[in-house]
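These notes concern the structure reproduced below.
Protein chains: 2
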Amino acid sequence: MKKKLLLIFSISILSSKLIFAQNVDSLQISKIFSTALKDDEAYHALYDLCKHAGKRISGSPLADTAVNRMSGWLKKWGADTVWLQECMVPHWVRGEKEQAIIISSVLKMNESVPVCALGMSIGTSADGIKAGVIEVHGMGELKNLNPADIKGKIVFYNGPMPPESIYTFNAYGNTVGQRWGGAMEAAKFGAIGVVIRSVATHIDSHPHTGSMGYNDSIPKIPAVAISTEAAEKLSASLKKDKNLQFWFKSSCQTLPDVKSHNVIAEIKGSKYPNEVIVVGGHLDAWDMAEGAHDDGAGVVHSMEVLRLFKTLGIKPQRTIRVVLFMNEENGTRGAKAYAEWAKTSGEKYIAAIESDAGGFTPRGFSLDCGEAYRDFIQMKFQPVLSHFGIYDFTRGGSGADVGHLKDECPVLSELSPDSQRYFDHHHSELDVFEEVNDRELELGAAAMASFVYLLDKYGNGTDRIKSGEE
Amino acid sequence: MKKKLLLIFSISILSSKLIFAQNVDSLQISKIFSTALKDDEAYHALYDLCKHAGKRISGSPLADTAVNRMSGWLKKWGADTVWLQECMVPHWVRGEKEQAIIISSVLKMNESVPVCALGMSIGTSADGIKAGVIEVHGMGELKNLNPADIKGKIVFYNGPMPPESIYTFNAYGNTVGQRWGGAMEAAKFGAIGVVIRSVATHIDSHPHTGSMGYNDSIPKIPAVAISTEAAEKLSASLKKDKNLQFWFKSSCQTLPDVKSHNVIAEIKGSKYPNEVIVVGGHLDAWDMAEGAHDDGAGVVHSMEVLRLFKTLGIKPQRTIRVVLFMNEENGTRGAKAYAEWAKTSGEKYIAAIESDAGGFTPRGFSLDCGEAYRDFIQMKFQPVLSHFGIYDFTRGGSGADVGHLKDECPVLSELSPDSQRYFDHHHSELDVFEEVNDRELELGAAAMASFVYLLDKYGNGTDRIKSGEE
Numbered sequence: 001m002k003k004k005l006l007l008i009f010s011i012s013i014l015s016s017k018l019i020f021a022q023n024v025d026s027l028q029i030s031k032i033f034s035t036a037l038k039d040d041e042a043y044h045a046l047y048d049l050c051k052h053a054g055k056r057i058s059g060s061p062l063a064d065t066a067v068n069r070m071s072g073w074l075k076k077w078g079a080d081t082v083w084l085q086e087c088m089v090p091h092w093v094r095g096e097k098e099q100a101i102i103i104s105s106v107l108k109m110n111e112s113v114p115v116c117a118l119g120m121s122i123g124t125s126a127d128g129i130k131a132g133v134i135e136v137h138g139m140g141e142l143k144n145l146n147p148a149d150i151k152g153k154i155v156f157y158n159g160p161m162p163p164e165s166i167y168t169f170n171a172y173g174n175t176v177g178q179r180w181g182g183a184m185e186a187a188k189f190g191a192i193g194v195v196i197r198s199v200a201t202h203i204d205s206h207p208h209t210g211s212m213g214y215n216d217s218i219p220k221i222p223a224v225a226i227s228t229e230a231a232e233k234l235s236a237s238l239k240k241d242k243n244l245q246f247w248f249k250s251s252c253q254t255l256p257d258v259k260s261h262n263v264i265a266e267i268k269g270s271k272y273p274n275e276v277i278v279v280g281g282h283l284d285a286w287d288m289a290e291g292a293h294d295d296g297a298g299v300v301h302s303m304e305v306l307r308l309f310k311t312l313g314i315k316p317q318r319t320i321r322v323v324l325f326m327n328e329e330n331g332t333r334g335a336k337a338y339a340e341w342a343k344t345s346g347e348k349y350i351a352a353i354e355s356d357a358g359g360f361t362p363r364g365f366s367l368d369c370g371e372a373y374r375d376f377i378q379m380k381f382q383p384v385l386s387h388f389g390i391y392d393f394t395r396g397g398s399g400a401d402v403g404h405l406k407d408e409c410p411v412l413s414e415l416s417p418d419s420q421r422y423f424d425h426h427h428s429e430l431d432v433f434e435e436v437n438d439r440e441l442e443l444g445a446a447a448m449a450s451f452v453y454l455l456d457k458y459g460n461g462t463d464r465i466k467s468g469e470e
Numbered sequence: 471m472k473k474k475l476l477l478i479f480s481i482s483i484l485s486s487k488l489i490f491a492q493n494v495d496s497l498q499i500s501k502i503f504s505t506a507l508k509d510d511e512a513y514h515a516l517y518d519l520c521k522h523a524g525k526r527i528s529g530s531p532l533a534d535t536a537v538n539r540m541s542g543w544l545k546k547w548g549a550d551t552v553w554l555q556e557c558m559v560p561h562w563v564r565g566e567k568e569q570a571i572i573i574s575s576v577l578k579m580n581e582s583v584p585v586c587a588l589g590m591s592i593g594t595s596a597d598g599i600k601a602g603v604i605e606v607h608g609m610g611e612l613k614n615l616n617p618a619d620i621k622g623k624i625v626f627y628n629g630p631m632p633p634e635s636i637y638t639f640n641a642y643g644n645t646v647g648q649r650w651g652g653a654m655e656a657a658k659f660g661a662i663g664v665v666i667r668s669v670a671t672h673i674d675s676h677p678h679t680g681s682m683g684y685n686d687s688i689p690k691i692p693a694v695a696i697s698t699e700a701a702e703k704l705s706a707s708l709k710k711d712k713n714l715q716f717w718f719k720s721s722c723q724t725l726p727d728v729k730s731h732n733v734i735a736e737i738k739g740s741k742y743p744n745e746v747i748v749v750g751g752h753l754d755a756w757d758m759a760e761g762a763h764d765d766g767a768g769v770v771h772s773m774e775v776l777r778l779f780k781t782l783g784i785k786p787q788r789t790i791r792v793v794l795f796m797n798e799e800n801g802t803r804g805a806k807a808y809a810e811w812a813k814t815s816g817e818k819y820i821a822a823i824e825s826d827a828g829g830f831t832p833r834g835f836s837l838d839c840g841e842a843y844r845d846f847i848q849m850k851f852q853p854v855l856s857h858f859g860i861y862d863f864t865r866g867g868s869g870a871d872v873g874h875l876k877d878e879c880p881v882l883s884e885l886s887p888d889s890q891r892y893f894d895h896h897h898s899e900l901d902v903f904e905e906v907n908d909r910e911l912e913l914g915a916a917a918m919a920s921f922v923y924l925l926d927k928y929g930n931g932t933d934r935i936k937s938g939e940e
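Protein sequence lines correspond, in order, to chains F and H. Under our numbering, the first sequence has 5 at position 5, and the numbering climbs by one with no breaks. Under our numbering, the second sequence has 905 at position 435, and the numbering climbs by one with no breaks.
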């Protein structure tokens, strides 16, 4: 009986401690959210990035502008240090606006359709390329065709994003393979070019670019993305005239690598300055529009963590480091440079959190960490954060940039915003500032700052008991 | 020991039964979501409603068009019955476009600003009204002023929606009082008109209308909403010239009540036809734009429940009834007519679920029911629905229409979509079809259908054990 009473007593002390800690945390997080929503600073910084450094593809002058402007904001917001970390980046240029025409004498058709070169593609000759078209819905289908039917042709990959995926990144993951590998696979069979259905959720007239790969052992052939609407038209036309011709012209090329920079800013930890929590997004963006959701949102989310801490006078125990990575889109050279440096810096990494899924209402964080720590987060952080709409810590994985810190860092994570609209804009001319809602953006920043606040306070589980924080 | 083993055995049987039931439910709900996302039918119906019956304010010919078109879709989708339920509705008409001017000789100002009459307001005289302005930030402030300063003036209510509310409906609730009661309160002190800052989340040039009240014992004075941008300008101008004049003119009026209709359609229950689950939204909309989010979304969400059940061959045990309520915006006369009829129909109500918070990504359902049943939903429905992003069953309350069924129905509920963008569009010319994302809309419909599926299968707790469904 005595034991039982003692147990009940201990449990009730523990619960009140837990509830008290949760209340304190909840109050601080409430201030973080209020300040983000009232100040509108992340939104103003995003405006600056989008309108003054819109088409900031790696190696471009606008990428340098982005580096300069964002380091300016970080200085203005009172970062303890701001510095630029050098990295060499690819320098791919699109050249003149791409053109494409569907040609069919049977259908009395000579119709221009919207296309754009895939990032890192070679261009066509000055006259463009013209050939018959083989339509497939994924790379696997090529093997089932007669190689003679593919040779000298343009392969048209028309696999759509499956609409039934509720989390649209899953649909993207299931479809993007043909964009990345489609040219290599088609070239193996002797195709002379590829046309890829834009990886997008809507049927409209906007082509969506994105990265593609080559392999030095396979001939390099040019690749363009076609708008989803034009993909439907091309497919319908092929059903009526399988011998129609497709012509396209692009003048993109890859120039020698150039020097570029990550932007790094931090608040030095008050108790464990050598322990680091990284928050980051990527500074570069495709050259189609303004990179507002991809990844202007992630850039200002990460910067706003620093500003919110400074504004609210939160003095972190650990060092909070904002890293704005260069070159996520076509090489992750910035992330690689940072990860190389991290191996030698003698610091201890607590967690690295990326934001690269848009400026939409935040829902949770993906986690790449041990199961025990995921359980700890579910038990300790989720009850507090769920009051602010941040409830989902079930997804695995992290982001393309912080993923390079896998060897150094036991907790990798990525902000999970609502995914429904992301692939309407992604990598197309629709990804502009006006498509970002101020409140949704600011909630994402507050979610990042709140998660960092808890990680800083409670550690990452590797030394919680040792350091007496619990 | 034997007892303990038996207990463990029973628990494990119970858990496997629970897990099996959850798997079956999860599979069915997965089909509901896939079908909603693939078919796009709710989106097409919303297009029809918005583009052919946009300004469908109660009593207008477009409200009749909405009744006819939406009952047409319900018939086409195979409802067992579709009928129109008569109700008398107010007939308020806006008249000519409203005008307003800030006039200050001190500031050399004679500037037109965007205003619109509040719904149910009286109009001004043909010359409009012109007077000095008293700015307040809520009705309480009037009591602290010298009544002589208010007499003969225009009262300008400039209380903004607090940006720090994460759930924007809370901010709305804290602000909308001055819109509803502001004219009555100001008239008590002898004011001759009121100008209300639009209840909206953005600073822009669009005035937002909405319902207001009068009291026969207090003089009726005209009321207009001013855009948030113009409200800021008026406030700034008053700081420089407190004697500036404001002129506005409106020609709105209330005509005699007219006959209108709720649209009612149902699938008859296979096992308990006399037990009813209601799903509904409101057919009427303010006359500013197309009523896409408010409440076209709720209308098609509710209709889509029926379509999804029919398409997937789900034969509900209980009767599923879609009620498209007329006149939510300025009287809820349709809801009152339905509730009156419900009292006499001899049916048993299981639940009534409204959708009137926009076509944004769904997050959960508010519940107005007993605590035990809320716990049951948290325990039984939430684990299944959370896989589809529907996790929040913590809010209280329901909607303005199903609220009238309080006496008949033990479970009232409202769909809770993401609230961040709702008050950007609400009651303004921005509430158009193009502002609704197809996937977000369809997820809302699927959430409604899934919740109804579970309510139909498991009942509302009043007779679960009796009927042996568990």
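All C-beta atoms, glycine included, are put in the ideal place defined by N, C-alpha and C.
Under the three-state reduction of DSSP output, F/L49 falls in the helix class.
In this structure, the CA atom of F/W286 is about 16 Å from the CA atom of F/D401. If you draw a straight line from the Cα of F/G59 to the Cα of F/V89, it is about 6 Å long. Around the beta carbon of H/D619, fewer than 16 other beta carbons sit within 10 angstroms, so the residue counts as exposed. For F/G364, there are no C-beta contacts with chain H under 8 Å, since the nearest C-beta of that chain is about 10 Å from it. The beta carbon of H/P677 does not come within 7 Å of any beta carbon belonging to chain F, so the residue lies off that interface. By the CB criterion at 7 Å, H/E568 and H/A587 fall inside the cutoff. Nearest Cα to F/T124 within the set F/I221, F/Y43, F/P162 and F/E141: F/I221. The distance from the Cβ of F/V67 to that of F/L84 is about 7 Å, consistent with a contact at the 8 Å cut-off. H/I820: member of the beta strand (DSSP E) spanning K818 to E824, first to last residue. F/F393 is classed as buried because its beta carbon has at least 16 other beta carbons within 10 Å across all chains shown. Taking a cut-off of 8 Å for Cβ pairs, the segment 900-916 of chain H and the segment 838-857 of chain H do not touch, as fewer than three such pairs fall below it. Here the segment 248-257 of chain F makes no contact with the segment 171-191 of chain F; the two share fewer than three CB pairs at distances below 8 Å. Residue contact with chain H for F/E440: present (Cβ-Cβ distance below 7 Å to some residue of chain H). The Cβ-Cβ distance between F/E329 and F/D284 falls below 7 Å. Closest option to F/V224, judged by alpha-carbon separation, among F/P114, F/Y458 and F/G159: F/P114. Spatial neighbours of F/G159 in its own chain (CB-CB distance under 7 Å, excluding positions within 5 residues in sequence) are listed in chain order as H137, G138, T175, Q178 and R197. In terms of beta-carbon proximity, H/Q492 stays away from the interface with chain F, with every pair separated by 7 Å or more. Residue burial is scored here from C-beta neighbours: F/G459 has at least 16 other C-beta atoms within 10 angstroms and is therefore classed as buried. The three-state reading of DSSP puts F/M303 in helix, counting H, G and I together.
Per the Cβ contact rule, the segment 802-821 of chain H is not in contact with the segment 758-773 of chain H (fewer than 3 Cβ pairs under 8 Å).
Take H/D711, set aside five residues on each side of it, and the residues of its chain with a beta-carbon closer than 6 Å to its own are S574, V576 and L577, in chain order.
Within the same chain, and ignoring the five residues on either side of H/I734 in sequence, the residues whose Cβ sits closer than 6 Å to its Cβ are W553, Q555 and V793. Listed by position along chain F, the residues whose Cβ is nearer than 9 Å to that of H/L900 form an empty set, because the closest Cβ is around 13 Å away. Against chain F, the beta carbon of H/S504 has neighbours under 7 Å at E164, listed in chain order.
Residue pairing from DSSP places H/M579 in a beta bridge opposite H/S574.
For F/H261, the pairing in a beta bridge is given by DSSP as F/E86. A contact is defined here as three or more CB-CB pairs under 8 Å, and the segment 672-689 of chain H meets this definition with respect to the segment 896-910 of chain H. The shortest CA-to-CA distance from F/K268 to any of F/G280, F/V300 and F/L306 is the one to F/L306. By the Cβ neighbour-count rule, F/V24 is exposed, with fewer than 16 other Cβ atoms within 10 Å of its own. Judged by their CB atoms, F/S413 and F/I353 are nearer to each other than the 7 Å cut-off. Minimum Cα-Cα distance from F/Y157 among the listed residues F/C87, F/A230 and F/N110 corresponds to F/A230. Within chain F, the C-beta atoms nearer than 7 Å to that of H/K508 come from P163 and E164, in chain order. Neighbourhood of F/G389 in chain H, by CB distance below 9 Å: I636, Y637, R833, D862 and D888, in chain order.
Inclusion of H/L924 and H/F851 in the CB contact set at 7 Å is warranted, their separation being smaller than that value. At a cut-off of 7 Å, the C-beta of H/R649 has no neighbouring C-beta in chain F.
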